[in-house]
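When you line the first sequence up against our numbering, it's residues 16 to 425, in that order.
Contents: one structure, followed by commentary.
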Amino acid sequence: MMSTNVFDTLEARGYISQATHRDEIYEKLSKPGVSFYIGFDPTADSLHVGHFVQMMVMSHMQQAGHHPIALMGGGTGMIGDPSGRSDMRQMMTVETIQYNVSRFVEQMGTVVDFTNGRATIVNNADWLLKLNYVEFLRDIGPHFSVNRMLTFDCYKQRLEKGLSFLEFNYMLMQSYDFLYLYKNYACTMQLGGDDQWSNILGGVELIRRKEQGEAFGLTFTLLTNSEGKKMGKTAKGAVWLDPNKTTPFEFYQYWRNVDDADVIKCMKLLTFLPLDEIAEYAKLSDAATNEAKKRLAYEVTKIVHGEELAEAVKKQTEDLFEKGGRSDDMATTIVTADEIAAGLSLLDFLCRAKLTASKGEGKRLIAGNGIYLNDAVVEDPFYILTARDFTAEEAIIRKGKKIYHRVKIG
RNA sequence: GGGAGGAUUCCCGAGCGGCCAAAGGGAACAGACUGUAAAUCUGUCGUUGUUAACUUCGAUGGUUCGAAUCCAUCUCCUCCCA
């Protein structure tokens, strides 16, 4: 079939940021079978949204007939990449790294097809840890100029705050990875986030100098919002792909609530929706933009958590926001009939249900009309819950507009 | 090893020995407006059934009628020199 060049696809969807040899890369990618790699540092026990973009790229490449190699930074993770960091990463133990790597592999499988050798997973701990220091220095060291390295942005910033020798070596390690994969896996291309540019460049140059080989590098735009800030962060921290760390509901909500300005970009980067369909969504404006957001949230959730969960979460939010209310699986607190008979202070209950952190906060909320009991504003801060507040053993307490809580006698 | 500085309530960051539960900003939460967006405006933002009390200002002791503010010791961080 006359398929289009992935490069065009990637570019049209807005992934590509910088390329070492644009024309040659284009040429290379026009024929299937290119082995490329992307590195993932196991700094946490789950991948997050930032990684997700990389996974999407892998998938696009894979669909075009190229061979992805996911490199787990089991070895480099022990050093810590100083790029884009203002301070030194915390050192991790071998066990945590191992564990994290295993989690990554599992999650990655949801987007990239690793069956039947269609993609490869490697761990650079396998070769980096065996490295002999002197040999490595003699082998790799001569090809790197400290003067030049110091001019790189990623190091420049750190020079003011302090950069340890350990971290300074990160670039060499990553370059060595590329060289290793070039030699052992015929990998000729490294992709990565934009923050990886200098590290990737290091590898490309190393291969070219040492092996006179053909190596290319390509970076992607980091997922940022219209204000240029990194996306995928919430007050609670990163948006994780692991359902235990970020529930599918929260995950869905995150995308449902992206800025108007970011919806289309996210659709292109995070879903497989065809571009012409996305173009239709791009025409929407004002309130209609919500349709695009719903689709975005659904599609991304589907890729990460599967269709079943995506449907469930979608329904849950529809119940919650569009049908004015409650869904069946809203948070529930059980109280005993005795407690109700004795009279249960609403303030105490709010604390118990973790709706408020203290009774004082509860009082303030009630004073500000922020607490509802069975859809009626509670006015008395010292309201006592009694049997008549319950229908069918249930009462619904709402905090603000969105947070519903069921009280059940049981 | 020598020298300098710092540690304040979720975060950043003010803080004269009494008027400090502690300025200001951010975040957060509620209200108004709305489209489950953004922006804006209002209120709240240590605990306690509320002119007050109680627990907080790295830790432990001390000085004082009184300490986040002074002294001593300790812990941790940063920077400079070697």
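Just so you know, even glycine gets a beta-carbon here, dropped at the ideal spot from N, CA and C.
For residue i, I'd like the list of residues in its chain whose CB is within less than 7 Å of its CB, leaving aside the five on either flank, ordered along the chain.
i: Met16; result: At Met16, the pLDDT of 42 sits below 50, so the modelled position is not reliable; the number obtained from the coordinates is stated separately. Answer for Met16: no residue qualifies.
i: Thr304; result: Asp275, Val278
i: Leu144; result: Gly90
i: Thr24; result: His75
i: Arg271; result: Lys308, Lys309, Ala312, Thr332
i: Ile215; result: Gln205, Gly207, Gly232, Thr234
i: Gly29; result: Thr236, Lys280, Lys283, Leu284
i: Leu256; result: Ser61, Leu62, His63, Phe67, Gln122, Val319
What are the boundary residues of the beta strand (DSSP E) that residue i is part of?
i: Tyr398; result: No beta strand (DSSP E) contains Tyr398, which DSSP labels as neither H nor E.
i: Val350; result: 346–350
i: Ala34; result: 31–34
i: Leu388; result: 386–388
Which residue comes first and which comes last in the alpha helix (DSSP H) that contains residue i?
i: Glu325; result: Inspection of the sequence shows that residue 325 is occupied by Ala rather than by Glu. Where Ala325 is concerned, the enclosing alpha helix (DSSP H) stretches over 322–332.
i: Thr166; result: 161–166
i: Thr24; result: 21–27
i: Asp210; result: Element bounds for Asp210: n/a, residue is neither H nor E.
i: Arg37; result: 37–44
i: Gly377; result: 374–382
i: Ala294; result: 290–297
i: Ser117; result: 109–123
i: Val149; result: 148–155
i: Leu335; result: That residue, Leu335, is in no alpha helix (DSSP H); it is neither H nor E in DSSP.
i: Phe180; result: 180–183
Based on the DSSP output, what are the partners of residue i in its beta bridges?
i: Met87; result: Phe55, Asn138
i: Val273; result: Paired residue(s): none; Val273 is not in a bridge.
i: Phe470; result: Nothing about residue 470 can be reported from this structure: the residues present for the chain run from 16 to 425 only.
i: Tyr419; result: Arg413
i: Ser50; result: His82, Cys202
i: His63; result: Trp255
i: Thr406; result: Glu409
i: Leu359; result: Leu400
i: Ala312; result: Answer by DSSP bridge pairing: none, since Ala312 is not bridged.
Take residue i and list the residues in its own chain whose beta-carbon comes closer than 8 Å to its own, dropping the five residues that flank it on each side.
i: Ile112; result: Pro57, Gly89, Gly92, Met93, Ala140
i: Ile40; result: Phe22, Ala34, Met204, Phe231, Leu233
i: Ile399; result: Gly358, Leu359, Ser360, Leu361
i: Arg224; result: His158
i: Gly228; result: Tyr197, Thr203, Ile222
i: Ile424; result: Ile349, Val350, Thr351, Ala352, Ile355, Phe405, Glu408, Glu409
i: Gly377; result: Leu361, Leu362, Leu365, Cys366, Leu370, Thr371, Ile386, Pro396
i: His420; result: Met345, Ala346, Thr347, Thr348, Ala368, Leu370, Ile411, Ile412, Arg413, Lys414
Report the CB separation of residue i from residue j in whole angstroms; it is logged as a contact under 8 Å.
i: Tyr296; j: Met282; result: 7 Å
i: Val68; j: Leu284; result: 6 Å
i: Gly15; j: Gln189; result: Nothing in the structure corresponds to residue 15, since the chain is present only between 16 and 425.
i: Asp128; j: Gln211; result: Going by Cβ atoms, the distance from Asp128 to Gln211 rounds to 24 Å, so no, they are not a contact pair.
Can you find the residues in the same chain that come closer than 6 Å, C-beta to C-beta, to residue i, ignoring five residues on each side of it along the sequence?
i: Gly483; result: The structure shown does not extend to residue 483, since the chain spans only 16 to 425, so no value can be given for it.
i: Val393; result: Ile381, Ile386
i: Tyr267; result: Ala312, Thr316, Val328
(message) Any contact between the segment 52–72 and the segment 203–222? By contact I mean 3 or more CB pairs, one from each, below 8 Å.
(response) yes
(message) Using 8 Å as the cut-off, can you tell me whether the segment 157–172 makes contact with the segment 108–121, which would need three or more C-beta pairs spanning the two stretches below that distance?
(response) no
(message) Assess contact between the segment 402–410 and the segment 379–386, defined as three or more Cβ pairs (one per stretch) separated by less than 8 Å. Is contact present?
(response) no
(request) Please confirm if the segment 357–371 is in contact with the segment 284–299, defined as three or more CB-CB distances below 8 Å between the two stretches. (result) no
(request) Take every Cβ of the segment 33–44, pair it with every Cβ of the segment 223–236, and state whether three or more of those distances are shorter than 8 Å. (result) yes
(message) Can you confirm whether the segment 38–54 touches the segment 255–268 when touching is taken to mean that 3 or more C-beta pairs between the two stretches lie within less than 8 Å?
(response) no
(request) Assess, as a yes-or-no matter, whether the segment 360–375 is touched by the segment 313–326 under the definition of 3 or more beta carbon pairs within less than 8 Å. (result) no
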